[in-house]
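Single-structure report; data block below.
Numbering (the working numbering), first residue to last: 493 to 664.
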């Protein structure tokens, strides 16, 4: 059998198309990098709470009924009372709690804020660290103030009667 030879005259030339590049993975990678850098810069920002210490001189007067005092001692123990020290001691209203216990200081602060006849924002939280309290105890107490949205709080020194009473309870 003979070969049939055909010429290329009637044949269409096939066009060569430019290759199609899918950019989807590159765009995805770009967005992931942008997200990563935004996230890392937001984590790197320092977050701090403003702490205003009381001014030197005469203390600012406020009603004793609106004061809630927490005394930070060693071993993560917190003693608390409402009002004046002498009145709380006489009435036996001095409580003892901790940070992670069932009846923690958070619940005591919330009880004070929910008392009838008082507004939540009127509470004045006095934080009195003793010599045995660690820096972490003070930070935890400030965290509790922030969590409970206590607007007025101060870190003050415990008076000698409070120190003596609590140290006598610790050494029992």
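Positions of the beta carbon are idealized from the N, C-alpha and C atoms, including for glycine.
All figures in this text were calculated on a predicted structure; none of them were measured in a lab.
Quick one: grab the DSSP three-state call for residue i.
i, result
"residue 563", "strand"
"residue 661", "helix"
"residue 597", "helix"
"residue 511", "coil"
"residue 621", "strand"
"residue 606", "helix"
"residue 550", "coil"
"residue 654", "helix"
"residue 611", "coil"
"residue 539", "coil"
"residue 649", "coil"
Who are residue i's beta bridge partners in DSSP?
i, result
"residue 616", "559, 644"
"residue 587", "572"
Do residue i and residue j have their C-beta atoms within less than 9 angstroms of each other?
i, j, result
"residue 600", "residue 589", "yes"
"residue 658", "residue 634", "no"
"residue 573", "residue 617", "no"
"residue 637", "residue 563", "no"
"residue 558", "residue 520", "no"
"residue 621", "residue 647", "yes"
"residue 591", "residue 567", "no"
"residue 604", "residue 554", "no"
Could you check the C-alpha separation between residue i and residue j for me, to the nearest Å?
i, j, result
"residue 652", "residue 549", "19 angstroms"
"residue 511", "residue 517", "17 angstroms"
"residue 602", "residue 585", "16 angstroms"
"residue 612", "residue 598", "14 angstroms"
"residue 623", "residue 565", "7 angstroms"
"residue 578", "residue 556", "11 angstroms"
"residue 576", "residue 631", "24 angstroms"
"residue 583", "residue 537", "48 angstroms"
"residue 642", "residue 606", "12 angstroms"
"residue 587", "residue 540", "30 angstroms"
"residue 529", "residue 514", "25 angstroms"
Looking at residue i and the ligand ADP, is the gap between the Cβ and the nearest heavy atom below 8 angstroms?
i, result
"residue 552", "With respect to small molecules bound, the structure shown includes none, and the ligand ADP cannot be examined in it."
Of all Cβ atoms in chain C, is any one closer than 9 angstroms to the Cβ of residue i?
i, result
"residue 625", "Protein chain content of the structure displayed is limited to a single chain, and chain C is not contained in it."
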